[in-house]
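Everything in the sequence shown is counted per the working numbering, starting at 1 for the first residue and increasing by one.
Heads up, the thing below is written out as structure tokens.
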Amino acid sequence: MRRNKVTVVGAGAVGSTSAHWIATKELADVVLVDLVNGLPQGVALDLASSGPVEDFDLKIVGTNDYEPTADSDVILITAGVPRKKDPVTGKFPSRDELVKINQDVVGPLTEKLAKYSPNSIIIVVTNPLDAMCHVVKSVSGFPRERVIGQAGALDTARYKTFIAMELGVSVEDVHGIVLGGHGDEMVPLPRHTSVSGIPLRELMSEDKIQAIIERTRKGGGEIVGLMGRSAYYAPASASVSMIESILKDKKRVIASAVYLQGEYGYKDLFIGVPAVLGAKGVEKIIEMDLNAEEKGMLEVSAKAVRSVVDVMGLK
Ligand code: APR
1 MRRNKVTVVG AGAVGSTSAH WIATKELADV VLVDLVNGLP QGVALDLASS
51 GPVEDFDLKI VGTNDYEPTA DSDVILITAG VPRKKDPVTG KFPSRDELVK
101 INQDVVGPLT EKLAKYSPNS IIIVVTNPLD AMCHVVKSVS GFPRERVIGQ
151 AGALDTARYK TFIAMELGVS VEDVHGIVLG GHGDEMVPLP RHTSVSGIPL
201 RELMSEDKIQ AIIERTRKGG GEIVGLMGRS AYYAPASASV SMIESILKDK
251 KRVIASAVYL QGEYGYKDLF IGVPAVLGAK GVEKIIEMDL NAEEKGMLEV
301 SAKAVRSVVD VMGLK
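Following this line, the structure appears as structure tokens:
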């Protein structure tokens, strides 16, 4: 029987942390690819050397080439320039600057990945997330089932974490979902949030719920503000939860950026929706019955995504 193979592009913070969790869960052999000579090789060797201690038995290799990625089942794209302060000017790149920079990173490498693994499922992590999904879909030519953006998994994890912290209950008992684009206009859904089935609104005041929604929307920025660079633990674990659902055909329902074709009233747009993730990638999009207020928030988020996508001149 052939072993699963996952390629992680970008051996930086999110990529190496993702490889770490793939390994400790013993999900697949891992190929780490990065532009920087020595970096993926070093990360791979270091991680592989923890196998005897952590008790995983996988092939983990690092490379600067794309040939070793051939026949990957799943590819995680984290390569890009994260939101970080310019050491000289002390300024963060503008949203539009970041789109162009990362479009030029993600486009060419997607071409190589698609050539060597034409049947793979690609999960995109590089920001601006929804826009980068458009780049990957357009360059790879893959069907929409096999190009998925990791955003909702992370945003939902942050939302649940803040609720558990506020209520002093286990994160395991908090259930909920965050839809929309991966930006300040994302759409946490308190009406669909519960703690062990108890509606959130029976447990928390509206003021506190709104404060948590705001904190979730700015969750990435809060960490950038604290560390001076973007997060990696939660982005990596969110990514690996999607990889796991695909490789084990678990059919978990995970908020994912999917190329909508009429669902929720949107067409030709990547946006975060509940998706069933299994061996074929996105196996189903679940259309929730949103009320007018929730639809309005999704519309604001969709417009924000569309405006970023338009910067690139892509569909
Ligand atoms: N090909 C391969 N690797 C590349 C390329 C390229 N063309 N360009 C950049 N990289 C690599 C860098 O060398 C670096 O090792 O991508 C890696 C990115 O790592 P970090 O700078 O540590 O960034 P990280 O925190 O991992 O974030 C990556 O994920 O969550 C998003 O916003 C985040 O878009 C960012 C991405």
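We put the CB at the ideal spot given by N, CA and C, even for glycine.
Computed from a predicted structure; not experimentally measured.
Per DSSP, the bridge partner or partners of Val-224: As a working note, residue 224 is residue 224 in the sequence shown. For Val-224, DSSP assigns no beta-bridge partner whatsoever.
For Gln-261, three-class secondary structure by DSSP: Looking up residue 261 in the sequence shown gives position 261. For Gln-261, the three-state secondary structure derived from DSSP is strand.
Endpoints, beta strand (DSSP E) assigned at Lys-25: Position 25 of the sequence shown holds residue 25. Looking at the DSSP string, Lys-25 is not in any beta strand (DSSP E), and its letter there is neither H nor E.
Nearest-angstrom Cβ-Cβ length linking Asp-29 and Ala-11, presumed shorter than 8 Å: Locating residue 29 in the sequence shown gives position 29, counting from the first residue. Locating residue 11 in the sequence shown gives position 11, counting from the first residue. 16 Å between Cβ atoms; not a contact.
Coil, strand or helix - Ile-209 by DSSP: Walking along the sequence shown from the start, residue 209 turns up at place 209. Three-state DSSP puts Ile-209 in a helix.
Which listed residue (Val-125, Ser-18, Asp-71 and Val-187) has its alpha carbon closest to that of Arg-348: Absent from the model: residue 348. The displayed extent of the chain is 1 to 315, so no value can be given.
Burial state of Ser-233 (16 or more Cβ within 10 Å): Position 233 of the sequence shown holds residue 233. The question names Ser, but residue 233 in the sequence shown is Tyr. Exposed, by the Cβ-count rule.
Residues that DSSP places opposite Phe-270 in a beta bridge: Residue 270 sits at position 270 when you count from the first residue of the sequence shown. Here Phe-270 is bridged, per DSSP, to Tyr-259.
Residue(s) in a DSSP beta bridge with Lys-284: Stepping through the sequence shown from its first residue, residue 284 is reached at position 284. The bridge partners DSSP lists for Lys-284 are Val-276.
Rounded straight-line distance, which links the Cα of Glu-185 to that of Gly-219: Your numbering for residue 219 matches position 219 in the sequence shown. Your numbering for residue 185 matches position 185 in the sequence shown. C-alpha separation (whole angstroms): 12 Å.
Lys-160: first and last residue of the uninterrupted alpha helix (DSSP H) it sits in: Looking up residue 160 in the sequence shown gives position 160. Residues 152-167.
Residue from Asp-289, Lys-85 and Val-171 whose Cα sits closest to the Cα of Val-224: Taking the sequence shown and counting its residues from 1, one reaches residue 224 at position 224. By alpha-carbon distance to Val-224, the top candidate from Asp-289, Lys-85 and Val-171 is Lys-85.
Residue range of the beta strand (DSSP E) that includes Thr-63: Residue numbering aside, residue 63 sits at position 63 when the sequence shown is read from its first letter. Counting along the chain, the unbroken beta strand (DSSP E) around Thr-63 starts and ends at 60-63.
Straight-line Cα distance separating Pro-108 from Ser-138: Your numbering for residue 138 matches position 138 in the sequence shown. Your numbering for residue 108 matches position 108 in the sequence shown. Approximately 11 Å, taken between the alpha carbons.
Terminal residues of the alpha helix (DSSP H) in which Ile-243 lies: As a position in the sequence shown, residue 243 is number 243, starting the count at 1. First-last of the alpha helix (DSSP H) with Ile-243: 233-247.
Local Cβ density within 10 Å of Gln-150, reported as buried at 16 or more and exposed below that: Indexing the sequence shown from 1 puts residue 150 at position 150. Counting every other CB atom within 10 Å of its CB across the protein chains shown gives Gln-150 a total of 16 or more, marking it as buried.
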